[in-house]
Amino acid sequence: MDRSSRQLGDVFAGQARGELSSRAVRALWWGSAGLVLAVPGTAVLVAGAGRGWRLFVAMALVLVQVCALRWQVRAPVAVLTVNATTGLAVWTLLPAVSLTGALLAAQVALCVLSATRPRRTSVRALAAMCLPVPLAFWAGGGPTGVTVCLLAVVLAWTVGQWRRAQRARAAAELRRAVVEERARIAREVHDVVAHTLSVMVIQAGAADDVFAERPDQARQALRAIEAGARSALGELRLLLRAFGPEDMRDGEVGEQREPGPSLARLDELADPVRATGMTVSVHREGTFDGLPAVVDLAVYRIVQEALTNTLRHAVGADEVGVRVTVEGECVKISVVDNGRTSQGRSDVTGAVAAAGRGLVGMRERARLVGGSLRAGPLPRGGFEVAARLPVERVS
């Protein structure tokens, strides 16, 4: 996780600086070089025909512009300065070449600078590129020449800003996807570890209490601890396969895989809780075949977390009932215990504070599949977690 976090941090930092891959840099250079050779290069050849040394000097300056574009991503300010200076020199040598065409290489550099550097720097470069625009009027281009030259410069800067905004949106989407994936992993690990450890702690305490007087009961609690630990290890292996690299998953094809968490394993959730001395009733209604896998997993995790919260926070609870019902296009979940209402469980807000990530994670799971969840004390005592998960809205 630390290594991937550093790599993602490098990606974000590179995107913030406007860095491109080496392939993209080469493609940008070849494209811009071809454009400069095709437009101002051809214009110089046509306008410089019969002009002797002026033609050769102007073509040499065009080649300097093309070579300078090789560093337009690494040092756009320097490249812009070089190409603007050489472009003005070409226009001075051959006035028949339009000022807009002579400054095309500088406009390309301005576009790259606008896309890869801070807005303050690009605005200054835009202002500097606008300074030679009046020369188009004095050269006989009139208002039309000035307008065309100004529009070309502004358009180059605007395209760079559009590209910069596009890259910023892509970086934000990538950052959001990483945050959501990390939250998903955290929810899965929390649901597996918190439930198992809560049951193991209670069973270990019970085994210690009766170790001398009733060794058979202590031995039974230890066996339950072992079974819970094995189950948790199996689920953690599934998580590692799901979030691990592809080669890790391919290399484990031959291994015997344990079934993943689902509604078919609700009784396995109840057994460790029963081993602590609590009475757990599990009731199912409806047809569970064909449920989307994401809903199946969400129901399992919500019931698991609700049972964990009962063990950890329900004062004096000795009974808990689990009811899962499929009605039409939704799945209804109800987990009710008979514990006394403690200060931490006096309301929904207090329950969140007492359960840590528990109720927050359950609500998030319900929300992700388009459902809702409520949790709170009952008027006659006890605490209820109730959720409704629609099936038809899941994609």
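Just so you know, the sequence shown maps onto residues 6 to 400 in this note's numbering. C-beta atoms are modelled at their ideal positions from N, C-alpha and C, and glycine is treated no differently.
Supposed contact pair residue j and residue i - C-beta distance, whole angstroms, cut 8 Å
i, j, result
"Val78", "Val117", "6 Å"
"Val102", "Ala175", "About 38 Å; that fails the 8 Å criterion."
"Phe388", "Ala319", "6 Å"
"Ala338", "Ala380", "The amino acid at residue 338 is misidentified as Ala; the sequence shows Ile. Rounded, the Cβ-Cβ distance is 11 Å, inconsistent with contact."
"Val44", "Leu66", "In fact, because the Cβ distance is near 14 Å, the residues do not count as touching under 8 Å."
"Gln70", "Thr91", "5 Å"
"Val329", "Thr292", "Contact flag wrong, Cβ pair sits at about 12 Å."
Buried versus exposed call for residue i [16 or more other C-beta atoms within 10 Å across all chains shown]
i, result
"Ser377", "exposed"
"Gln171", "exposed"
"Ser119", "buried"
"Cys154", "buried"
"Arg350", "Confidence in Arg350 is poor, its pLDDT being 47 and thus under 50, which makes the residue's placement unreliable; the coordinate value appears in the next sentence. Result: buried."
"Glu334", "exposed"
"Val128", "exposed"
"Gly181", "The sequence shown places Arg at residue 181, rather than the Gly named in the question. It counts as exposed."
"Arg235", "exposed"
"Val51", "exposed"
Bounding residues of the beta strand (DSSP E) (the contiguous stretch that carries residue i)
i, result
"Glu273", "Counting along the chain, Glu273 falls outside any beta strand (DSSP E), though it belongs to the alpha helix (DSSP H) covering Leu271 to Ala280."
"Ala392", "Phe388 to Pro395"
Limits of the alpha helix (DSSP H) - the one that residue i falls within
i, result
"Arg310", "One detail in the question is off: residue 310 reads as Glu in this sequence, not Arg. Per DSSP, Glu310 belongs to the alpha helix (DSSP H) from Ala298 to His318."
"Arg289", "No alpha helix (DSSP H) contains Arg289, which is instead part of the beta strand (DSSP E) from Thr284 to Glu290."
"Trp58", "Trp58 to Ala73"
"Gly106", "Leu104 to Ala107"
Simplified DSSP assignment, three categories, for residue i
i, result
"Ala220", "According to the sequence shown, residue 220 is Pro rather than Ala. Pro220 falls in the helix class under three-state DSSP."
"Thr37", "For the record, residue 37 in the displayed sequence is Ser; it is not Thr. Residue state, collapsed to three classes: helix."
"Asp342", "strand"
"Thr330", "strand"
"Pro45", "helix"
"Pro3", "Because the chain spans 6 through 400 in this model, residue 3 falls outside it and cannot be assessed."
"Val215", "coil"
"Val374", "coil"
"Pro81", "helix"
"Val325", "strand"
"Arg22", "For Arg22, the pLDDT reaches just 45, beneath the cut-off of 50, and the residue's location in the model is therefore unreliable, although a value from the coordinates is still provided. Arg22: coil per DSSP, three-state reduction."
"Ala188", "helix"
"Ala380", "strand"
"Val138", "coil"
"Val30", "helix"
"Val87", "helix"
"Val194", "helix"
"Arg228", "helix"
Of the residues the options, the one placed nearest residue i, counting alpha carbons only
i, options, result
"Ala232", "Cys335, Gly210, Arg181 and Val204", "Val204"
"Arg228", "Thr281, Ala43, Glu185 and Leu271", "Thr281"
"Arg370", "Arg279, Asp301 and Val84", "Asp301"
"Leu316", "Pro297, Leu202 and Arg328", "Leu202"
"Ile307", "Val341, Gly295 and Thr284", "Val341"
"Ala188", "Leu136, Met367, Gly147 and Arg125", "Met367"
"Leu99", "Val329, Gly57 and Gly291", "Gly57"
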